[in-house]
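Chemist:
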Amino acid sequence: AHERGPETATVADILKRSSNVGTVLIARDRLGPERVNNWIYRFGFGRPTGIGLSEESGSILPTSKWSGGSIYNIPIGQGDAVTQMQLTQAYGAIANGGVLTTPRIVQSIGGEAVPPGPTRRVMTRSTATALTDMLRGVVSADGTGSEANIPGYEVAGKTGTAQKIDPKTGLYSDTAFSASFVGFVPANRP
Numbered sequence: 004a005h006e007r008g009p010e011t012a013t014v015a016d017i018l019k020r021s022s023n024v025g026t027v028l029i030a031r032d033r034l035g036p037e038r039v040n041n042w043i044y045r046f047g048f049g050r051p052t053g054i055g056l057s058e059e060s061g062s063i064l065p066t067s068k069w070s071g072g073s074i075y076n077i078p079i080g081q082g083d084a085v086t087q088m089q090l091t092q093a094y095g096a097i098a099n100g101g102v103l104t105t106p107r108i109v110q111s112i113g114g115e116a117v118p119p120g121p122t123r124r125v126m127t128r129s130t131a132t133a134l135t136d137m138l139r140g141v142v143s144a145d146g147t148g149s150e151a152n153i154p155g156y157e158v159a160g161k162t163g164t165a166q167k168i169d170p171k172t173g174l175y176s177d178t179a180f181s182a183s184f185v186g187f188v189p190a191n192r193p
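Residue 4 is where the sequence shown starts when you use the numbering used here, and the numbers rise one by one after that.
As structure tokens, this is what we get:
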């Protein structure tokens, strides 16, 4: 089969294959630094989620000090750091039809329901549905997240690979990586 290059690939192809080049081209040519920065904050990155734990970490986001090269590394998650709770909250917004909800750690205390946190719409329902369909492709047989496929379930999600910092040099390692997967199931009714 003929493979399209990142210049002609669809967004679904870019997500499915986890193409850094395709991601950078979209960020640079279609969005630009200001819009990328706005989307980062719109999804709750850059601040604690509000889960009510006093020691919750924030993010490391150099987005207030974009350099000429930032548009090449920030969109692919290099030079920044987010918490697992922030990532979960962001994917929860996709699963919730575009509505970002403050996560909660417990459902009830002493039999009393803990009310859900504040919500806000971060994208249209149709955009969330289209993105969910694309994230299903990531888990397909030829996607980077194929190992997260669960027979009998529709899974939507995204893989991640991050270079670790070499403590001796303070630079990104060429051999040490951290792999991740975040998603939701069943994709059509999480």
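We put the beta carbon where it would ideally sit given N, CA and C, even for glycine.
Just so we're clear, the structure is a prediction, and the values are computed from it rather than from any experiment.
Comparing alpha-carbon positions, which option in F46, V14 and T26 lies nearest A96?
Modeler: Position 93 of the sequence shown holds residue 96. Closest option to A96, Cα to Cα, is F46.
Chemist: Taking just the CA atoms, how far does L64 sit from V24?
Modeler: The count along the sequence shown starts at 1 and reaches residue 24 at position 21. The count along the sequence shown starts at 1 and reaches residue 64 at position 61. Looking at the two C-alpha atoms, the distance is approximately 21 Å.
Chemist: Residues bridged to L103 by DSSP?
Modeler: Counting from one through the sequence shown, the residue named residue 103 turns up at place 100. L103 is bridged to R123.
Chemist: For Q89, which residues from the same chain have a beta carbon less than 7 Å from its beta carbon, with the 5 sequence-adjacent residues on both sides left out?
Modeler: Residue mapping note: residue 89 aligns to position 86 of the sequence shown, counting from 1. Result list for Q89: G47, F48, T52 and S62, in chain order.
Chemist: Say whether the stretch 151-165 touches the stretch 185-193, bearing in mind that this needs 3 or more beta-carbon pairs closer than 8 Å, one atom from each stretch.
Modeler: Result yes; three or more Cβ-Cβ pairs closer than 8 Å.
Chemist: Rank S176, F184, A165 and R124 by C-alpha distance to the C-alpha of Q81 and give the top, closest one.
Modeler: Along the sequence shown, one-based indexing puts residue 81 at 78. When each option's Cα is compared against that of Q81, the closest is A165.
Chemist: Kindly indicate which residue of I108, V27 and V141 has the alpha-carbon position closest to the one of G72.
Modeler: Here residue 72 refers to the residue found at position 69 when the sequence shown is read from its first residue. If we check each option's Cα against that of G72, V27 comes out closest.
Chemist: Would you call H5 buried or exposed, if buried means 16 or more other Cβ atoms sit within 10 Å of its Cβ?
Modeler: Taking the sequence shown and counting its residues from 1, one reaches residue 5 at position 2. With a pLDDT of 45 at H5, under the threshold of 50, the predicted position of this residue should be treated as unreliable, and no value is reported.
Chemist: Across which residues does DSSP place G160 in a beta bridge pair?
Modeler: In the sequence shown, counting from the first residue as 1, residue 160 sits at position 157. Note: G160 sits in a beta bridge opposite G186.
Chemist: Spatial neighbours of F180 within its chain, please: C-beta separation below 7 Å, excluding the five flanking residues on both sides.
Modeler: Residue 180 sits at position 177 when you count from the first residue of the sequence shown. Here the set comprises T164, A165, Q166 and K167.
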